[in-house]
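Each residue of the sequence shown is one higher than the last, beginning at 1 in the working numbering. Where a beta carbon is used, it is the ideal one built from N, C-alpha and C, also for glycine.
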Amino acid sequence: MAFTPLPGTRAPVRVWTDPYAIEPQAARQLRNIGALPWVEGVAVMPDVHFGKGATVGSVIAMRQAVSPAAVGVDIGCGMSAVRTSLTAADLPDDLAGLRSAIEAAIPVGFAKHDDPVDPRRVRGLEQRGWADFWAGFATLDERVAPLEGRARQQLGTLGGGNHFIEVCLESGGPDAGRVWLMLHSGSRNIGKELAERHMGIARRLPHNAGLPDRDLAVFLAGTREMAAYRRDLWWAQEYARRNRAVMLALLCGVVRDAVGQVGFDEPISCHHNYVAEETYDGVDVLVTRKGAIRAGAGDLGIIPGSMGTGSYVVRGRGNPDAYCSASHGAGRRMSRGQAKRTYGTADLVAQTAGVECRKDAGVVDEIPAAYKDITQVMAQQEDLVEVVAHLKQVVCVKG
């Protein structure tokens, strides 16, 4: 579908869903964003929903400014996936055992590694740049200095909430049944700590007085506050990328131990909470994607559904109206609290039939019915991406 303009905004706000179907809170957020004097334009993805500070599913292009809330607290959160040489018949009969092995190798929830992961001991993990990366910790906001040990132990861990690790099967086409490995995670506690510190600083700056929403406070180019935020932001984005790389390598190791001989294609990785410097119509802008992936022409990306509905590997079409972006998933249609009030474990069991995963009260808020229909979301962005592969999970690990 083509975009629909959201009326009543100063900067253009282009929507890839029915504007009247957007929840009122989210629509109010989008209008507040479109009113900011630094905003060049906004693209709204079909998985749009209300978020803290800025709307999830929003792509915001600003001139000489950036809003940390438009990135969110999980800086660099995103997806990684790799196609294997395996087919469904190669998987062990005991998928519960495979799930247990994944959970033993990769800490989930609030857990962390007993000792920091040594990249030299992880087969298949990129070895370059680790010393320089960790040396950069000393340049971060001095208030996070006591967190270095925890950050090192959390590298290569999943977290909780909507983060997941999956073993999937490709659906349809000549490669039907091919096994893929996929995961979703971000910058863990250190990203959250850095984000919250900078959001607090931004709210107190004089030029942000009188904003329609104080959570939309911005840093301006040329200021020490902007320089400090971008320094910490880039580091946290790299932490998130390396976190996923470590987990994917550990996951490949678990599968290798379970099945023996296996080959892996080149991994796909994409952030969906981040900032990038980009140019559109000759204008240099800082683009924040909060719940959106870059979908430049030819870019490979990953758009997951829920823990029972499968995911899509996509190739970007490079649509400049959307700032070369696409959705980051299905998007929630109800809050976590509402999901827990509406559904129980029996519903979770029914909606995750055929998937080896947790089916207890602790993950009811992640029940598939709490999310939008991923097939409809994909249909609404056919001018943003083309589908490369449709995947259906058979194992899902949640925090």
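Per DSSP, reduced to three states, the secondary structure at Lys52 is coil, with no helix or strand assignment. Rounded to whole angstroms, the Cβ separation of His271 and Asp47 is 16 Å, and the two are not in contact under 8 Å. Around the beta carbon of Ala104, a 10 Å sphere encloses fewer than 16 other beta carbons of the protein chains shown; the residue is thus reported as exposed. When the beta-carbon positions are compared, Gly136 and Trp16 stay at least 7 Å from each other. When rounded, the separation of the alpha-carbon atoms in Val259 and Asp115 is 27 Å. Going by C-alpha positions, Leu91 is about 19 Å away from Ile106. Taking 4 residues as the shortest admissible run, the segment 141-174 contains the following complete alpha helix (DSSP H) segments, listed from N- to C-terminal end: 148-154.
Around the CB of Val363, 16 or more other CB atoms lie within 10 Å, so the residue is classed as buried. For Thr139, no beta strand (DSSP E) segment is defined, and its DSSP state is neither H nor E. Each residue's CA atom was taken as its position, placing Glu356 and Met79 some 20 Å apart.
By alpha-carbon distance to Gln153, the top candidate from Val385, Val246, Pro267, Ile75 is Val246. Counting other Cβ atoms within 10 Å of its Cβ, Glu166 reaches 16 or more and is therefore classed as buried. Counting only residues of its own chain and dropping the five nearest sequence neighbours on each side, Ala276 has a CB closer than 6 Å to the CB of Val287.
Ser335 sits exposed, since fewer than 16 C-beta atoms from the chains shown fall within 10 Å of its C-beta. For His198, the uninterrupted alpha helix (DSSP H) segment begins and ends at 188-203. Listed in chain order, the beta strand (DSSP E) runs fully inside the segment 61-140 are 78-87, counting runs of at least 3 residues.
DSSP places Glu238 in the helix class (H, G or I) of the three-state scheme. Note on geometry: alpha-carbon atoms of Cys396 and Ala326 lie some 24 Å from one another.
Here Asn319 carries a coil assignment [DSSP, helix/strand/coil]. The segment 335-346 and the segment 295-313 do not touch, with fewer than 3 CB-CB distances between them shorter than 8 Å.
Scanning Gly177, Arg123, Leu216 for the CA closest to the CA of Gly53 turns up Leu216. The shortest CA-to-CA distance from Asp213 to any of Arg10, Ala11, Asn32 is the one to Asn32. Asp383 sits in coil when the DSSP states are folded into three classes, being neither helix nor strand.
Taking a cut-off of 8 Å for Cβ pairs, the segment 379-395 and the segment 92-103 touch, as three or more such pairs fall below it. Following the DSSP letters along the chain, one finds Ile367 in no beta strand (DSSP E), marked with neither H nor E. In this structure, Gly109 lies near Gly160, with their beta-carbon atoms less than 7 Å apart. Of all alpha-carbon atoms in Tyr274, Trp180, Arg224, the one lying nearest the alpha-carbon of Leu251 is that of Trp180. Val71 has its alpha-carbon roughly 14 Å from the corresponding atom of Arg294. DSSP places Leu6 in the coil class of the three-state scheme, outside both helix and strand. In the three-state DSSP reduction, Ile22 falls in the coil class, being neither helix nor strand.
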